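To convert a position in the sequence shown, counted from 1, into our numbering, add 324. For every residue, glycine included, the Cβ atom is placed at its ideal position computed from N, Cα and C. Quick caveat: nothing in here was measured; it's all calculated off a predicted structure. Encoded as structure tokens, the structure appears first; notes follow it.
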Amino acid sequence: MAQAYDFKAVQDKWLPIWDKLEPFKSGKTDDNRPKKYILDMFPYPSGDLHMGHAEAYALGDVIARYWIQKGFNVMHPIGWDAFGLPAENAAIKRDADPRAWTYENIDVQKASMRRYACSFDWDRVLHTCDPEYYKWNQWLFLQMFEKGLAYRKDSAVNWCPDCQTVLANEQVVAGLCERCDSAVTKKKLNQWYLKITDYADRLLDDMEQLEGAWPEKVLLMQRNWIGRSTGAQVEFAVDEMDQKITVYTTRPDTLYGATFMVVAADSELAAKLVAGTPVETEFKKYLETVKAASDIDRLATDRVKTGVFLNRYAINPVNNEKIQIWASDYVLADYGTGAIMAVPAHDQRDLDFAKAMKLPVRVVINTGQEDPNTSGIATSGDGEVINSGSISGLGKDEAIAKIIKEIESKKIGKATKNYRLRDWLISRQRFWGTPIPIVHCDKCGLVPVPQDQLPVALPDVKGLDLKPKGSSPLGAASDWVNVKCPKCNAPAKRDADTMDTFMDSSWYFLRYTSINNHDVAFDQKAVETWLPVDQYVGGVTHAILHLLYSRFFTKVLHDLGMLSFTEPFTRLLNQGMVLKDGSAMSKSRGNLVKLSDELDKHGVDAIRVSLVFAGPPEDDIDWSDVSPTGSLKFLNRAWRISQDVTSKPGIDFKKGDLELRKVTHKAIADIELAVESFRFNVVIARIMELVNATRKVIDSGAGPGDAAVREAAEAIALSLSLVAPYTAEEMWEFLGHKPAIANAGWPVVDKSLLGADNVIAILQVNGKIKDRIEVSPNISQDELEKLATDNSQIKAALMGMQVKKVITVTPKLVNFVI
């Protein structure tokens, strides 16, 4: 009589066995298998794992387990991104050390990950708050300092009044702090920066390596954030003042239409221009109102335009016309040069400002639209240049080329590129982060801490007030901050700021390769063996911040001769969010679903199956629409099949029922294709179909020793091991095999059982599925690409587009990268 399936007993049974067997250990010296590096974005240790973690780690686990079964030596490590404000704020509330809070949460999450049966190599674990880790954080900072890539400067920075720390531009979302949602203000401080702008072109151009392997949405987000544009810098002299104002414009063909200038009210230039004029007092009052507004508010198109005439005039260099200079909040001090030539006829914000201040509007592009002077709508399209001297009558491209040539010959401007990207601000005025390894000496200036004195470890918090107050708590740790200068031995002070926590995650994927090597940040031979990462899995919320910074670090280390590659992550998979009733889960909304409760109720395998089966990984999942109960019933059906097999392992499968064998091998082939194209929900669907087909054969009276039934049962167990490892391992044991199923090997598809034309080829454009076609398993690459090119869905998607390359995996996939 068949036993009852008890998922709790099965989980309790196999966890200690797996701990002993260590089926996911990587890096053995005698391992000659091809290597694959599968990496999940590491979590922040804030409480226990949640439903978002459950989805992300289930997806990464499918990929890692699949390649292990396919015979690869897979490295699948895990760690914790353990510095940051949540731990510090929690410690402040509890009057405790953030270390204790952080490590307690790590222990909780680690236990949950083990219970969740993630295929991590538990010998490759890191915590970024360990001194052994952030020692190398400091070492990398000093490498950049030595190369001039790390520097300090005074500037107006984003300031969160609640967190009491500065924020990088990327950490301000819609004018609010991404951490606490407080309105961000501006504050002038001397801070540390990394010169990521030196790498702007390479960060853009190297994305060609990633096309077709990263989601197009992510590449577009990074391109937009870097924001490269081509145009010209033009110098405007200031009348009756030894001063020039440089502006950047993408449309130098509109220079004759510049009827006034606007400088950022909070720029040094504005203060210099207005000094000593009758409007200086009025300007200062206006400046106070500007400082209270966020950059997002200032740039809003529907914002009422305000400003102050600075009692100064500039000379338009192409027609020598005197034009007024104004200060306003709709120009930002840290974008471009902090000043613009206003062409109100062809820019809506300039036109709104001109109308509000009764300034002239001159049309210089004939677009065939109504005159902005009467319509109130700027004409931003292309057309014939008019009212513009030597370039009148030309089209846009010809006019731009000619005017740039003219201003360069007169030495009043030059062709140039501009970027939205700004240097990365890494200083933070908080305790729980990597100390900046610099000593400030009155005599020697900025002095790096010698390498043999690293790490500069965080002091004990005892006696320190960690409450945010606008300056780092480390400054009050007198025994820690007061040191001797490493150069001259005079009294000096440590830098009291800590590093942005994105520093920690910008290179952690390298450290995993050398986790027990305490002599170097990473062993170059080990890195060259494992990297770049073959598959990265994580949320799209990190599309700009973490991924951009990681790419920057990789390029810097390449230039320092430490890496041979320039891109860290070969392929990227972003998962969607797990929602409840259409909204993000939160305690305040009352729709929070606790992962631990769901695991207790339904078991690990049922939750994993439910999340994987809910839809394509990039789509959001609404937990209200998911059925863990149904998943558990399915797992019971699969498990019972293993109990109905009585033949011994090693039986000749070819003697079994032919039709069931065809179904089995078709399922295996489809599952392979589905995993490699990230259609994990299809994996579950095919296993379900195979379970049903096998049960039908068993129930129809086929002998329990039938070879085809055993073959199907083993295929079900091996396929299930990717998603439901506990159930699969239990089935594997019932089928007479030794553990661990994770290392049993993937079943080999017998192509003769697939038929001549029953292989499904996926047709994609930029990684998005456009069609599926049936092709022969023996089709050539040229034949498959021709079929794809002639496909009506592909033709429609490619219409008017430029194909950069075609990625073909015969006979499974054709992906056109446009």
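> Rounded to the nearest angstrom, how far is the Cβ of A589 from that of D653, given a contact under 8 Å?
Replying inline: 6 Å
>> Could you tell me which whole beta strand (DSSP E) segments of length 3 or greater appear in the region 620-678?
In response: 631-639, 646-652, 663-666
> With C-beta atoms as the reference, is I377 less than 8 Å away from P367?
Replying inline: Per the sequence shown, residue 377 should be read as His rather than Ile. The answer is yes: Cβ separation under 8 Å.
> Who are C765's beta bridge partners in DSSP?
Replying inline: Under the DSSP definition of a beta bridge, C765 partners with G769.
> For the putative contact between P792 and Q488, defined by C-beta atoms under 8 Å, what is the C-beta separation to the nearest angstrom?
Replying inline: 3 Å
> Apart from the five residues on each side of it in sequence, which residues of its chain come closer than 7 Å, Cβ to Cβ, to T426?
Replying inline: P369, A406, A411, C453
> When the distance is taken between beta carbons, is Q672 closer than 8 Å to T625?
Replying inline: Cβ distance < 8 Å, so T625 and Q672 count as in contact.
> Do the region 666-684 and the region 701-708 touch if we need at least three Cβ pairs shorter than 8 Å?
Replying inline: yes
>> Once the 5 residues before and after I868 are set aside, which same chain residues still bring their CB inside 7 Å of it?
In response: E494, M545, Q546, W549
> Can you pull the DSSP bridge partners for K512?
Replying inline: A480
> Along the chain, where does the beta strand (DSSP E) that runs through D976 open and close?
Replying inline: First-last for D976: undefined, no H or E at that position.
>> For a minimum of 3 consecutive residues, which ranges assigned as the beta strand (DSSP E) are wholly contained in the region 835-912?
In response: 859-863, 896-899, 902-904
> Is it right to say Q557 is buried, meaning 16 or more other beta carbons lie within 10 angstroms of its own, or is it exposed?
Replying inline: buried
>> On the criterion of 16 or more Cβ atoms from any shown chain inside 10 Å, does A1120 qualify as buried, or is it exposed?
In response: exposed
> Tell me, which residues are paired with G555 by DSSP?
Replying inline: T740
>> Between which residues of its own chain and I839 is the CB-CB distance below 8 Å, once the five residues before and five after are set aside?
In response: P401, D447, R448, V449, L450
> Is DSSP giving E722 helix, strand or coil here?
Replying inline: Here DSSP, grouped into helix, strand and coil, assigns E722 to helix.
> Helix, strand or coil: how does DSSP classify A328 here?
Replying inline: Looking at A328 - three-state DSSP - the assignment turns out to be coil, as it is neither helix nor strand.
>> Going by C-alpha to C-alpha distance, which of L919, M665, I931, F937 sits closest to F331?
In response: I931
> Which residues share a DSSP beta bridge with E981?
Replying inline: Residue identity differs from the one stated: residue 981 is Asp in this sequence, not Glu. In the DSSP output, where bridge partners are listed per residue, D981 has none listed.
> Straight-line CA distance for S553 to K541?
Replying inline: 20 Å
> According to DSSP, what are the bridge partners of P779?
Replying inline: P779 is not bridged to any residue.
>> So if DSSP puts N690 in a beta bridge, which residue, or which two residues, is it bridged to?
In response: E708
> Between the beta-carbon of D577 and the beta-carbon of I664, is there less than 8 Å?
Replying inline: no
>> Any contact between the region 1068-1084 and the region 1011-1031? By contact I mean 3 or more CB pairs, one from each, below 8 Å.
In response: no
> With a CB to CB cut of under 8 Å and the five nearest residues on each side skipped, what residues in its chain are close to A1009?
Replying inline: F937
> When you compare each of E502, A816, A582, V763 to N644 by their alpha carbons, which one comes out closest?
Replying inline: A582
>> Rounded to the nearest angstrom, what separates E296 and D431 at their Cα positions?
In response: Because the chain is modelled from 325 through 1142, residue 296 falls outside the range shown and cannot be assessed.
>> Distance check for W756 and V294, CA to CA, integer angstroms please.
In response: This structure gives no information on residue 294, because the portion of the chain shown stretches from 325 to 1142.
>> What does the Cβ neighbour count give for R752, buried or exposed, with the cut at 16 atoms within 10 Å?
In response: With 16 or more other Cβ atoms within 10 Å, it is buried.
>> Are the CB atoms of F607 and M585 within a distance shorter than 8 Å?
In response: No.
> Would you call the CB atoms of A723 and V763 closer than 8 Å?
Replying inline: no
> Going along the chain, which residues of its own chain have a beta-carbon closer than 7 Å to the beta-carbon of S966, five neighbours each way excluded?
Replying inline: Here the set comprises A1037, A1041, M1055, F1058, L1059.
> What residues match up with N1139 in a beta bridge as DSSP calls it?
Replying inline: Q1088, I1131
> If we ignore side chains and look at the alpha-carbon of each, how far apart do Y610 and A616 end up?
Replying inline: Here the alpha carbon of Y610 sits roughly 10 Å from the alpha carbon of A616.
> Using a Cβ-Cβ cut-off of 8 Å (strictly less than) and excluding sequence neighbours within five positions of R357, which residues of its own chain qualify?
Replying inline: G395, F396, N397
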